[in-house]
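Step one of this worksheet: look at the structure below.
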Amino acid sequence: MRDRLDTHAGTPVEPTAGGRPQRGPCPPHTGVAVLKKRTIAVVGGGAACTAFLAAYARRLSGDVAGASADVIVFEPGKSFGPGIAYAEDADTALLNRPYSAMSVDYGDPGQFRRWLYRQPSARESSDNNEAGENSAGSAPEARPTTRSHFVPRSLFGQYLENVFRQSREDLRLLGSQVTLVPSAVIDLTVETGATGGNRGNGGTESHVLTTADGDRFVADEVVFAIGAIAPSDVYGLTGSAGFVAQPYPLVNSLSQVDRSAEVLVLGAGLTAIDAAVVLADAGRERRITLASRSGRIPDVRTDLGTGELPELIAGARTLLAEGRVSLRSIHELLDSALRLGGTSIREALLPYTDAWSAPELMRHRLENPLPGGLAQRCVGALTPFYSELWRSLPDASRRLFLRDHYRTYNCLRNPMPVTNAHRLLGLHDGGRLAFAKGITSVTQTAGGRFTATFADGRTEHYDAVVNAVGRTNNTAAASASSLTSRLVRNGTFVSHPLGGIRVDPETNQVRGSAGAAFPRLYVIGDLASGEHFHVSSMELVARQAAKVAGQLVPAPDRLLVGAVA
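In full-length UniProt numbering, the protein residues as written are 1 to 565.
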């Protein structure tokens, strides 16, 4: 349930001595929120924001000086914590990572698992699910128990709401008031003379954030936690009857699709798979087609254990230490690790290099999980080194990787739950699901149906189209009216040629056109992808959140803590 306390509908607020916001304009700046303490604004109230608040509370609790700042969180969605990605949704929309690897605390990867175990529904055992997800042909539970490694996305959303609420309370106890603003930020400017907090520089410059409701708020530091750029409308179908532009939450957006419709789902990634499963469950007569340009689908996740692979980790450290990072050296490192496990990189990538069909790939992975599963484990084990390895590659190599190899990497890094592989194969074998590649255009006819054209010249007709092309980090694809586009146009953000915007890799501070970092503007998540390579998984979002929190709260003086104790 949404925490509605201390929110306001866009009215500027001023903290009072009692710690509660006072409604109404704050003189002497009519229409501007005057916050006398140092203030941090967080743009976006989803998972990245939640990870930041939790990390900020952890850092503050060890700060001897106790120099807490007040926080304003801006979120136009229905709740603070889950964001769109983890909002309440169909139980068949599953996390693509095991619950044991999901946490807002990078140093405590099992936090979500422990929270889940404390929930009554998760403690119920299910004899039907004894064998776990690797039992071919068994239908998944509507609400998976802890015997299942992959739980509904909305359960993680409930966890995020809980962490958000708890972090807000922790910060209150540490002297930091967290104000919730249920509105989008549409502009940010730097103004001289705006009254911010005490930064030790006279308070002559502050950031002024303008919301969609027309209110303005002053902050000393700003953290952008806005997630991925919204999916592109590749074929210009926005506004067409029968077109679903934004699929999440699926249970809401797909309810408008007729139960007997022929449905085209644009994309073949995890979002498209979620959409296909929900569409199939809600309409037994529906026929669904997943169509993309490449035809590639995510790999099938295989549980081959967790933990570091010592030889692989040692090899990555050696490459970095000796300055020998190249696409070839990384390829050789991965192949060596796979050969130690009884396979090879060629065998692991065969379904992708030889362009197998989606059903062929899923059947092969279910029957012979070792090659793909070990490749997934190797890719995951290198996660802590992604940013440094990426930045050590020459620009030409990075561009080559993004052009020719990124899709395959992403299929291994973000595989589908095995439950979904069984489900998709069942739908395909039953004639209700098709996979198509080479899509080139989609248009709506005068009669309201949609016509899709493919590279081989054939055309197909559909009653509805669901846009599930997935996230993007290309700032050029952002809506012209979005905050990201506005900040790129005014020079606050500088687009990175490899995606996202330019940031300082050590601090995640925004970098301007001259290359210097803005000391009080920070980014968490997808907008930092050009600099760090892969930043969208929860573990890496949590890592960035801790990094930014560390910039806003200096490392505590442990010697002083010991002396006081």
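Note that beta-carbon positions come from the ideal geometry of N, C-alpha and C, so glycine has one too.
If you're wondering where the values come from, they're calculated on a predicted model, not measured in any experiment.
query	result
As assigned by DSSP and simplified to three states, the class of Thr318	helix
Other residues of its chain near Ala545: CB distance less than 7 Å, five sequence neighbours each side excluded	Ala48, Ala51, Phe52, Ala55 and Ile524
Same chain only: Cβ atoms within 7 Å of Ser300, ignoring 5 sequence neighbours per side	The sequence shown places Val at residue 300, rather than the Ser named in the question. The residues are Met362, Arg365, Leu366, Gly372, Pro415, Met416, Val418 and Ala421.
Neighbour-count burial assignment, Leu349, 16 or more Cβ in a 10 Å radius	buried
Every unbroken alpha helix (DSSP H) inside the segment 239 to 319 [4 residues or more]	250 to 253 and 270 to 282
Residue nearest to Cys378 in terms of C-alpha spacing, selected from Thr440, Ser344 and Thr192	Ser344
Residues near Gly295 by beta carbon distance below 8 Å, same chain, minus five either side	Ala268, Ala355, Ser357, Ala358, Phe435, Ala436, Lys437 and Gly438
Unbroken alpha helix (DSSP H) run spanning Ser387, endpoints	Tyr386 to Ser392
Start and end residues, alpha helix (DSSP H) containing Asn162	Arg153 to Leu173
Per-residue DSSP class, three states only, for Gln551	helix
Nearest residue (CA-CA) to Arg489, options Thr440, Asp187, Gly110 and Ser397	Asp187
Unbroken stretches of the beta strand (DSSP E), 3 residues or longer, contained in the segment 450 to 500	450 to 454, 459 to 462 and 464 to 467
Beta bridge counterpart(s) of Met416 as assigned by DSSP	Val300
Neighbourhood of Pro144 by C-beta distance below 6 Å, restricted to the same chain and skipping five residues each side	Below a pLDDT of 50, predicted positions are generally treated as unreliable, and Pro144, at 45, falls in that range; the measurement from the model is reported next regardless. So the qualifying residues of the chain are Val151.
Delimiting residues of the beta strand (DSSP E) encompassing Tyr117	Segment Gln111 to Tyr117 is the alpha helix (DSSP H) holding Tyr117; no beta strand (DSSP E) there.
Straight-line gap, Glu191 to Gly46 (C-alpha atoms, nearest Å)	28 Å
Cα-Cα separation between Ser336 and Gly342, rounded to whole angstroms	10 Å
For Ala452 and Val442, believed in contact at Cβ under 8 Å, the rounded distance	5 Å
Backbone secondary structure at Ala546 - three-state DSSP	helix
Reduced DSSP secondary structure (H/G/I, E/B, other) of Val541	helix
6 Å CB neighbourhood of His428 in its chain, flanking five on each side removed	Pro359
Close-in-space but distant-in-sequence residues of the same chain around Ala477 (CB under 7 Å, 5 per side omitted)	Ile229 and Ser232
Sufficient close CB pairs (3 or more, under 8 Å) joining the segment 539 to 554 to the segment 239 to 247	no
Cutoff 7 Å; reference Pro28; Cβ partners in own chain excluding five residues on either side	Below a pLDDT of 50, predicted positions are generally treated as unreliable, and Pro28, at 34, falls in that range; the measurement from the model is reported next regardless. Nothing listed; no residue qualifies.
6 Å Cβ shell around His461 - same chain, five flanking residues per side excluded	Arg449 and Thr451
When Asp70, Ala282 and Thr472 are compared against Thr179, the one with the closest alpha-carbon	Asp70
Alpha carbon of Thr289 to alpha carbon of Ala280, nearest angstrom	11 Å
Rounded C-alpha distance that separates Ser485 from Glu347	43 Å
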